[in-house]
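In our numbering, the protein residues as written are 7 to 149.
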């Protein structure tokens, strides 16, 4: 292998790693939205019709679905085209978070059921990200 080829490979390895790292970090930035919004929702249970216990159960449901489906989605990430899968995952996440936010702006009411549905879908969708990024990085680095 020539030195030029090795440099080119190293450049692409660094690019694959950095893109994967920052893309996965964006999943956690999405989660930060919820941790900022939750105290506001808890402070006014009459407006949002959910209490602290409901929000705790929503968190439990989200993380339980995330944890359990990560095994299944790891297999899916290995089998499916990640060039299509990951953008679809990010669009779904963005749409769900936008729906949650817009409900308050358009005068709708939040209910516990809405939170369960939205965060269950988010748990499933977000569980695809980590196995997919591991798959991407593993393809770019020798063993």
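Note that the Cβ used here is the ideal one computed from N, Cα and C, for glycine as well.
- Message: Quick test of the definition: if touching needs 3 or more C-beta pairs under 8 Å, does the segment 75 to 86 touch the segment 9 to 26?
- Response: Under the 8 Å Cβ criterion, the segment 75 to 86 does not count as touching the segment 9 to 26, having fewer than three qualifying pairs.
- Task: May I ask you to report which of helix, strand or coil DSSP gives residue 62?
- Result: Residue mapping note: residue 62 aligns to position 56 of the chain shown, counting from 1. In the structure shown, residue 62 adopts helical secondary structure according to DSSP, grouped into three states.
- Message: Let's see if you can read the secondary structure: which residues bound the alpha helix (DSSP H) around residue 145?
- Response: Numbered from its first residue, the chain shown carries residue 145 at position 139. Residue 145 -> alpha helix (DSSP H) spans 118 to 146.
- Where does residue 50 sit, in a helix, a strand or coil, going by DSSP? Residue 50 sits at position 44 when you count from the first residue of the chain shown. Residue state, collapsed to three classes: coil.
- Message: I need the straight-line Cα distance from residue 144 to residue 109, nearest angstrom please.
- Response: Taking the chain shown and counting its residues from 1, the one referred to as residue 144 is at position 138. Taking the chain shown and counting its residues from 1, the one referred to as residue 109 is at position 103. C-alpha of residue 144 to C-alpha of residue 109: approximately 40 Å in a straight line.
- Apply the 10 Å Cβ neighbour rule to residue 128 and answer buried if 16 or more other Cβ atoms are within range, or exposed otherwise. For this step, residue 128 is matched to residue 122 along the chain shown. Answer is buried; the Cβ neighbour count reaches 16.
- Who are the Cβ neighbours of residue 26 in its own chain at under 6 Å, not counting the five residues just before and after it? Here residue 26 refers to the residue found at position 20 of the chain shown. Shown here for residue 26: same chain residues with a beta carbon closer than 6 Å to its own, the five before and five after excluded, namely 139, 142 and 143 in chain order.
- Tell me which same chain residues have a C-beta within less than 7 Å of the C-beta of residue 103, skipping the five on either side of it? In the chain shown, counting from the first residue as 1, residue 103 sits at position 97. Listed in chain order, the non-local C-beta contacts of residue 103 below 7 Å within the same chain comprise 36 and 39, local neighbours out to five positions each way being set aside.
- Message: Let me check understanding here. Comparing Cα to Cα, which of 93, 59 and 45 lies closest to residue 30?
- Response: Counting from 1 along the chain shown, the entry for residue 30 is found at position 24. Ranking 93, 59 and 45 by Cα distance to residue 30 puts 93 first.
- Would residue 133 pass as a contact of residue 75 if the rule is Cβ separation under 8 Å? Your numbering for residue 133 matches position 127 in the chain shown. Your numbering for residue 75 matches position 69 in the chain shown. Residue 75 is positioned such that its CB atom lies closer than 8 Å to that of residue 133.
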